[in-house]
Amino acid sequence: MKGPLLIAAVVAAFAAVPLFVHSNVVFNFLVVTLLIALAGQGWNIIGGYGGQYSFGHAAFFGTGAYVTAILQMRYGVNAWIGFVGGIAAGAAVGAIIGGLAFRAGLRSSYFALVTLAFAEVLRILASVAPITGAGVGILIKLDLRPQSFQFQSRAVFYLVILALVAASLAIAQTLERSRFGAWLIAVRENEDAAMALGVDATAVKLGAMVISAAVTAAAGCFYAQYFLFVDAGIAYGPWISIEALLTPIIGGAGTVFGPLVGALAVKALGEGAKLWTGDVPGLDLMIYGALLVIVVAFAPAGLVGTLANVRERAARRLRAPRKGRAEAARG
Amino acid sequence: MAEPLLSVERVSRRFGGLLALDAASLSAPAGRITALIGPNGAGKTTLFAVISGFLKPSAGRIRYGGEDVTGEPAHRLARRGIARTFQIVQPFGGISVRDNILVGAYLRHAARADAVGVAETVGREVGLGDLLDRPAHTLTVAGRKRLELARALATAPQLLLLDEVLAGLNPAEIRDIVPVIRALCARGIAVIMIEHVMQAVMSLSEHVFVLAEGRIIAEGSPAQVVADAGVVEAYLGRGAAARIGSTHAH
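Protein sequence lines correspond, in order, to chains A and B.
Under this note's numbering, the first residue of the first sequence carries the number 1, and numbering increases by one thereafter.
Under this note's numbering, the first residue of the second sequence carries the number 332, and numbering increases by one thereafter.
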């Protein structure tokens, strides 16, 4: 099973969960996991496919969250329009940061540092500016009606975030099969060689950054609607930058399902360890760290990539005897 | 006579205190193989980098297809029809041979099906037909050189700059690839090749430019150039031509 069919099957399997499960704890776990998978898919587009490792995707997540909240609470805008506004604002921040960084020719660790710096600057600004509620943050008024993007049932929230994740999977899948995606991967593999083949590397990276920022901003918008509270530490804090890059790297950077698989693995391990040890503070972070070390050391292609490699090697071994005979006959 | 497809007019390129190219001029007509030779460090690859837009010249002009293209960035020149290979091969190692060539093919074909068709045709043309599904990093040196050539060809160039595509190949591999390069010319593509394999230069090209210390010191047919005293000295050191002459006289 490949491509769109596989996406449809996976999404259908997730969508069937509310038929069997009614526990709010489970929904809460799944919603947060899918939220991280969505933020991670955003990172995956510029980081996984484009090879530009951003350490500051909080800048987009936070902008999505804040703009959704501010449009509703300060300007009385409808929540759904606020949601779209949040995504657009996130994309705009992506265009600004990407435009500055790529035009200046920043690569690898310099790019990582600059994105981190932008996220931190936004965090500090948000913690003092009146419009963001400064240190207090913004509470979104409880209004459990679908037209305010708030739902009685966690199951509905779950289906909404699932739909967003499905859309993000479709975006990644489309990217993989498109000219733009081929150019983006070429830039990741070798920027000079790509330019020699007519690829405008700066424009391609900038385009990917905007898409990436929009997807991660959507996760931020959803966060605001789900938890109804945003402050500087949540929105622009390093936690989301880390989770957004950790999940695709563990799951498989530059693969369609990497972020989703990574988010499931990381969150399941984190929650499992908490249950087992009785919620030791900081334990989940230690597990993330250990997992990252293990993956980077032993499976740099991530879970999805390693699986694909193993499968390919097995297939080649099956083909090999035939080929060997053919060569022997020729020789 | 019509204007050549490419003419490099008194191009200089300075790296700090080093003058890598010193008013070098060169031209290449369509449908011909032009060779660029010279000792190590002469500035050949720098000249290629300037023609293909990876470096901006410090002085001088480059005309291509009747237009001044001096200082245009590499990707725009590729769109105009200038393709290059790299002396140190630069495959997109993590993806398949087919996808490598596909990147080049996408330049002129936006639709995936068309581009894949072009990529596979070009792949077979350079002899990579059986290896299209292999990851590029598993190719041998000869395979990587072919891949460089295939990617460049997939962009449907009018001017092809080949930077030592024959270096590191054994005689059998050279024999295989030479007809491929000849065929390009027959299609009307202008080829400029940097090459150290003199046998190939002599048999392939009709016109040779010799670069030494950033200057074009000689040009002409291969036979003329190898007989030029200045060229011999550039390779073997000052006075070498005279010494060789005197040993012949004895």
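Just so it is clear, CB atoms sit at the ideal spot from N, CA and C, and this is done for glycine as well.
Does residue i pass the burial test, meaning 16 or more other C-beta atoms within 10 Å, or should it be called exposed?
i, result
"Val562/B", "buried"
"Glu337/A", "Lying outside 1 to 331, the shown extent of chain A, residue 337/A is not represented and no answer is given."
"Asn431/B", "buried"
"Leu245/A", "buried"
"Trp239/A", "exposed"
"Phe102/A", "buried"
"Val296/A", "exposed"
"Leu542/B", "buried"
"Arg574/B", "exposed"
"Glu398/B", "exposed"
"Ala315/A", "exposed"
"Ile97/A", "buried"
"Ile520/B", "buried"
"Ala329/A", "With a pLDDT of 47 at Ala329/A, under the threshold of 50, the modelled position of this residue cannot be trusted; read the value that follows with caution. Looking at its Cβ environment, which holds fewer than 16 other Cβ atoms inside 10 Å, Ala329/A is exposed."
"His406/B", "buried"
"Leu459/B", "buried"
How far does the alpha helix (DSSP H) with residue i in it reach, from first residue to last?
i, result
"Phe298/A", "283-298"
"Asp279/A", "Unbroken run through Asp279/A: none, as it is neither H nor E."
"Phe111/A", "108-126"
"Phe27/A", "24-43"
"Val453/B", "443-456"
"Val77/A", "Element bounds for Val77/A: n/a, residue is neither H nor E."
"Thr377/B", "375-382"
"Ala517/B", "502-517"
"Tyr606/B", "There is no way to answer for residue 606/B, as the model of chain B reaches only from 332 to 581."
"Ala12/A", "3-15"
"Val528/B", "First-last for Val528/B: undefined, no H or E at that position."
Identify the continuous beta strand (DSSP E) that holds residue i and give its terminal residues.
i, result
"Arg394/B", "390-395"
"Leu490/B", "490-494"
"Arg415/B", "413-415"
"Glu550/B", "546-551"
"Ala521/B", "521-525"
Taking only beta-carbon atoms, is residue i less than 9 angstroms away from chain A?
i, result
"Gly522/B", "Strictly speaking, residue 522/B in this sequence is Val, with Gly absent from that position. With 9 angstroms as the cut-off, Val522/B does not count as an interface residue toward chain A."
"Ala503/B", "no"
"Tyr395/B", "no"
"Pro417/B", "Residue identity differs from the one stated: residue 417/B is Phe in this sequence, not Pro. So yes, Phe417/B belongs to the interface."
"Gln421/B", "yes"
"Gly424/B", "yes"
"His538/B", "no"
"Pro388/B", "no"
"His527/B", "no"
"Phe385/B", "yes"
"Thr401/B", "no"
"Tyr437/B", "yes"
"Ala483/B", "yes"
Is residue i close to chain B? Criterion is C-beta to C-beta, closer than 9 angstroms.
i, result
"Val199/A", "yes"
"Glu120/A", "no"
"Ser108/A", "no"
"Ser178/A", "yes"
"Ala196/A", "yes"
"Asn190/A", "yes"
"Ile211/A", "no"
"Ile46/A", "no"
"Ile171/A", "no"
Given a cut-off of 9 angstroms, decide if residue j and residue i are closer than it, judged by their beta-carbon atoms.
i, j, result
"Phe540/B", "Ala196/A", "no"
"Ile249/A", "Gly270/A", "no"
"Leu352/B", "Leu378/B", "yes"
"Gly47/A", "Leu184/A", "no"
"Leu493/B", "Ile505/B", "no"
"Ser343/B", "Gly545/B", "yes"
"Val532/B", "Ala366/B", "yes"
"Leu169/A", "Val11/A", "yes"
"Leu6/A", "Phe227/A", "no"
"Phe29/A", "Phe222/A", "no"
"Thr63/A", "Gly237/A", "no"
"Gln41/A", "Pro259/A", "yes"
"Ala359/B", "Gly391/B", "no"
Could you tell me which residues DSSP pairs with residue i in its beta bridges?
i, result
"His538/B", "Thr365/B"
"Pro466/B", "Ser427/B"
"Val230/A", "Ile138/A"
"Ser338/B", "Ser358/B, Arg394/B"
"Arg311/A", "Bridge partners of Arg311/A: none, in fact."
"Thr346/B", "Checking the displayed sequence, the identity of residue 346/B turns out to be Phe instead of Thr. Phe346/B pairs with Leu349/B."
"Ala543/B", "Arg546/B"
"Asp192/A", "None, per the DSSP bridge assignment."
"Asp399/B", "Arg394/B"
Does residue i have its Cβ less than 9 angstroms from a Cβ in chain C?
i, result
"Val434/B", "No chain C is present in this structure, whose protein chains are A and B."
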